[in-house]
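K.L.:
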Amino acid sequence: MNDHLREWLANATNEHRREVAAAAKTTVGHLWQLAGGHRKASAELAERLQDASGGGITIAGLRPDLIPFARKALHVALPVITGADEGNSA
1 MNDHLREWLA
11 NATNEHRREV
21 AAAAKTTVGH
31 LWQLAGGHRK
41 ASAELAERLQ
51 DASGGGITIA
61 GLRPDLIPFA
71 RKALHVALPV
81 ITGADEGNSA
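If you read the sequence shown in UniProt numbering, its first letter stands for residue 1, the second for the next number, and so on.
1. Spell out a yes or no on whether the segment 13 to 28 and the segment 67 to 77 are touching, meaning 3 or more CB-CB pairs, one atom from each, closer than 8 Å.
2. What is the residue span of the alpha helix (DSSP H) that residue 3 lies within?
3. Out of 71, 70 and 47, point me to the one whose CA is closest to residue 158's CA.
4. Where do the ends of the alpha helix (DSSP H) carrying residue 29 lie?
5. Apart from the five residues just before and just after residue 11, which ones in its own chain have a Cβ nearer than 8 Å to its Cβ?
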């Protein structure tokens with residue numbers, strides 16, 4: 001069960017649920033399946049739902065199992081992005 005999504009669904013109007021689902025290229029029925037734990041959102045769907053809901057639904061809330069991977073990716077990428085590793089090259 002996904003309490004994060006279940007709470008969002010409980011508080012959203014029917015119209016807003018439909019709008020967010022359509023913008024994320026899914027259905028309200030699928031959102032309820034995700035909330036009930038019957039399905040698992042792909043990383044791509046989680047991102048689309050976060051964008052479509054304006055952050056009301058989050059990637060971390062839908063897929064907390066992805067957080068360690070995101071941290072690891074940032075740990076490796078951040079020095080490259082910020083140029084922090086430039087001083088270490090000879």
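Built from N, CA and C at the ideal position, the CB exists for glycine as well.
P.N.:
On the basis of the supplied data:
1. Taking 8 Å as the limit for Cβ pairs, the verdict is that the segment 67 to 77 does not touch the segment 13 to 28.
2. Mapped onto the sequence shown, residue 3 falls at position 3. It spans 3 to 11 - the alpha helix (DSSP H) in which residue 3 sits, taken as one unbroken run.
3. Outside the shown range of the chain (1 to 90) lies residue 158, about which nothing can therefore be said.
4. By one-based count along the sequence shown, residue 29 stands at place 29. Unbroken alpha helix (DSSP H) run through residue 29: 28 to 35.
5. Looking up residue 11 in the sequence shown gives position 11. So the list is empty, once near-sequence residues are dropped.
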